Amino acid sequence: MPSLLLFAPFLILQAPASASADSAAFYRGLDRGTHTVGYRSMELVDRARHDSAAAGPVAPRRLAVHVWFPAQRSTGRTLRFSELTGRSLPALADHAVELGGARGVAQAGIQRLGAIGTWSRAGVSPIAGRHPLVLVPSWLAPGTVSVMAEVLASHGFVVATVPHRGTDAVAPEFNVRNLESQATDLQFTVQELSRLPFVDDARVAVMGTGINASGALLFAMRSARVGALVSLEGGITTPFEQRMIRTSPYFDPRRVRTPILAITAPHPDVDAARLDIYRNAMQHRVHFAGSGEFWMLNFGPMNAVVPSVIGTPPGDVHTAFVTATRYVERFLSTYLRGDDDARRFLTSPPGTLGIPPNVVTVETRPVRAPALSREAVFGLLATSGAEGLARRVREELRRETD
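Residue numbers (this note's numbering): 265 to 666.
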């Protein structure tokens, strides 16, 4: 049987991190909610699946999960960034170099960031009640996604990262087989986290950056639990990943009825119009002219402390990141909580929301009416008979998936 193993929050015996100029710059401008942010790590063990990347003839699939949650105010301890990332901090620095940062700058800068105090606290208990769950499939979590997670937890969401690992390897694989494994990992994680008394598994969202958005989309196609989908500069708007998604045996754009927030930035392969095939999904398309895929991760706020941490920024990436967190929180509050104020935010001109000029453009794409209305169906039956109606239906189905 699958099992859930909870690990206690980090108990590193070091002095609490104090407020610093670096921490202030890192979190500058973010909309902090009213809740204390609790953090804990855990390991999920899926005994129903074999992990061929593990040693030994038979081993279950293990997922290292990081969870942020709205917590009770208490004497809990502030965690430093190095405590959140643990032994993965050097790997985070190496990743920054891979993305374009100068080796000396990235490595020294991220080491420096390790000392800052975060919003996350250890030794705190969740507030009463069950709260919406946001799954974040990601690589190198929590070091890449902790800031967005902290913002959302401060607004009352439970945020859980799910490691993007290969089907037969620890590292991700870029193929549809791996996307299917990722979708299964997400399903398993919801099942296991639903056992926690503060998680509401009836209100679930999934958010992914890059290829993780493709795994999130396939998960949404097969799970009625998913009530919101965030593509944070996700690959679902690119031709390569759309072709890959189409090869999944579960691909069916008609199944995507989940509201979508598609956050994009300039890239030759990115085109939000590729989401037009998901005609049954309400879509909010938010475009940032001065940002890019990896700047929507922690590298965005990192740049305020370590300039050019992953190379030359394409614009004011900190403001873009701060604004993106507002749109994500408002989107999730709209569709997981039914918050009318949040809904008005999504459809308001950015200039009326205090967002600086030229940062973002917004488009709302409502669910489109069926290609064949009831009247059209009866008309075709009268003029062309059942065979003519069937032929037209096949044509419309082909058109929807082209």
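Glycine residues also receive a C-beta, built at the ideal position from the N, C-alpha and C atoms. In this text the structure is predicted, and so the values were computed from the model without any measurement.
1. How should PRO530 be labelled, buried or exposed, when 16 other C-beta atoms within 10 angstroms of its C-beta is the threshold for buried?
2. Tell me whether THR598 is buried or exposed, calling it buried when 16 or more other Cβ atoms sit within 10 Å of its Cβ.
3. Look at HIS330 and LEU404 and say whether their C-beta atoms are less than 8 angstroms apart.
4. Sort ARG304, PRO396, GLY350 and PHE462 by Cα distance to ALA386 and report the nearest one.
5. Assign ALA279 to buried or exposed, taking buried as 16 or more other Cβ atoms, counted over all protein chains shown, within 10 Å of its Cβ.
6. For GLN446, list the residues DSSP reports as bridge partners.
7. Below 8 angstroms on the Cβ atoms is my guess for PHE515 versus ILE509; work out the distance and round it to an integer in Å.
8. Out of MET471, ARG538, ILE527 and MET566, which one is the CA nearest neighbour of GLY556?
9. Under three-state DSSP, which class holds HIS428?
10. Provide the residue(s) that pair with ALA492 in DSSP beta bridges, ordered along the chain.
11. Counting only the same chain and skipping the five closest in sequence on each side, list residues whose C-beta sits under 7 angstroms from that of PRO273.
12. Report the rounded CA-to-CA distance for TRP559 versus ASP295, giving the unit in angstroms.
13. Give the straight-line distance between the Cα atoms of SER389 and VAL463, rounded to the nearest whole angstrom.
14. The alpha helix (DSSP H) that contains THR598, what's its start and end?
15. Exposed or buried, LEU645, counting other C-beta atoms within 10 Å across all chains shown (16 or more means buried)?
16. For GLU307, count the other beta carbons within 10 Å of its own beta carbon; 16 or more makes it buried, fewer makes it exposed. Which is it?
17. So if DSSP puts GLY381 in a beta bridge, which residue, or which two residues, is it bridged to?
18. On the three-pair Cβ rule with 8 angstroms, is the segment 570 to 583 touching the segment 487 to 494?
19. Which stretch, first to last residue, makes up the beta strand (DSSP E) that contains GLN547?
20. Taking a contact to mean a Cβ-Cβ separation below 8 angstroms, would you say GLY365 touches SER512 in this structure?
21. Taking the Cβ atom as the reference point for each residue, do LEU397 and ASP315 lie within a distance shorter than 8 angstroms?
22. To the nearest angstrom, how far is it from the Cα of LEU348 to the Cα of ARG658?
23. Out of curiosity, what's the CA-to-CA distance linking TYR291 and PRO565?
24. Quick one: is PRO621 buried, meaning 16 or more other Cβ sit within 10 Å of its Cβ, or exposed?
25. What separation, rounded to the nearest whole angstrom, lies between the Cα atoms of ASP605 and GLU651?
26. Classify ARG337: buried if its beta carbon has 16 or more other beta carbons within 10 angstroms, exposed otherwise.
27. Roughly how many angstroms lie between the CA atoms of GLY554 and ALA312, to the nearest whole one?
28. Tell me the rounded alpha-carbon separation between PRO394 and VAL309.
29. Leaving out five residues before and five after ALA323 in sequence, what residues of the same chain have Cβ atoms less than 6 angstroms from its Cβ?
30. Would the beta-carbon of VAL468 fall within 8 angstroms of that of VAL454?
31. Hey, LEU450 and VAL426: beta-carbon distance below 8 angstroms or not?
32. Out of GLY430, VAL411 and ALA392, which one is the CA nearest neighbour of GLU593?
33. State the beta-bridge partners of THR625 as determined by DSSP.
34. Is it the case that the Cβ atoms of LEU399 and ILE374 are separated by a distance below 8 angstroms?
35. Look at the Cβ atom of GLY297, then the Cβ atom of GLY420, and state whether they are nearer than 8 angstroms.
36. Nearest to SER402 by alpha carbon, out of ALA484, ALA379, LEU377 and ARG429?
Short version:
1. Its Cβ having fewer than 16 others within 10 Å, PRO530 is exposed.
2. Burial call: buried.
3. Cβ distance not < 8 angstroms, so HIS330 and LEU404 don't count as in contact.
4. Out of ARG304, PRO396, GLY350 and PHE462, the CA that lies nearest to the CA of ALA386 is found in ARG304.
5. Caution is warranted here: a pLDDT of 35 is assigned to ALA279, below 50, making its placement in the model unreliable, and no coordinate value can be reported.
6. Paired residues: none, contrary to the question.
7. Yes, they are in contact, since the Cβ atoms of PHE515 and ILE509 sit about 6 angstroms apart, within 8 angstroms.
8. The option with the nearest alpha carbon to GLY556 is ILE527.
9. Three-state result, HIS428: coil.
10. In DSSP, ALA492 forms a bridge with ALA469.
11. Annotation note: pLDDT 38 at PRO273 (below 50); position unreliable, no value reported.
12. One alpha carbon belongs to TRP559, the other to ASP295, and they sit about 18 angstroms apart.
13. Cα-Cα distance, rounded: 13 angstroms.
14. Element bounds for THR598: 581 to 601.
15. Residue environment analysis places LEU645 among the exposed positions, since fewer than 16 neighbouring C-beta atoms fall within 10 angstroms of its C-beta.
16. Exposed, since its Cβ has fewer than 16 Cβ neighbours within 10 Å.
17. Looking at the DSSP assignment, GLY381 forms a beta bridge with ARG344.
18. These segments do not touch.
19. Start and end: 547 to 552.
20. Their beta carbons are not under 8 angstroms apart, which means GLY365 does not touch SER512 by this criterion.
21. By the CB criterion at 8 angstroms, LEU397 and ASP315 fall outside the cutoff.
22. Between LEU348 and ARG658, the C-alpha separation is close to 52 angstroms.
23. Using only the alpha carbons, I get a separation of about 7 angstroms.
24. With fewer than 16 other Cβ atoms within 10 Å, it is exposed.
25. Going by the C-alpha atoms only, they are around 49 angstroms apart.
26. With fewer than 16 Cβ atoms within 10 Å of its Cβ, ARG337 is classed as exposed.
27. Taking the straight line joining both Cα atoms gives about 45 angstroms.
28. With the sequence shown as reference, residue 394 is identified as Arg, and Pro is not the correct amino acid for it. Rounded to the nearest whole angstrom, the CA to CA distance from ARG394 to VAL309 is 23 angstroms.
29. The answer, listed in chain order, is ASP315.
30. In terms of Cβ geometry, VAL468 and VAL454 form a close pair [threshold 8 angstroms].
31. In contact: LEU450 and VAL426 (Cβ atoms closer than 8 angstroms).
32. Selected option, being the one with the closest Cα: VAL411.
33. When DSSP reads this structure, THR625 sits in a beta bridge with HIS551.
34. It is not a contact, given that the beta carbons lie outside the stated cut-off.
35. Less than 8 angstroms divides the Cβ of GLY297 from the Cβ of GLY420.
36. Checking every option, the nearest Cα to that of SER402 belongs to ARG429.
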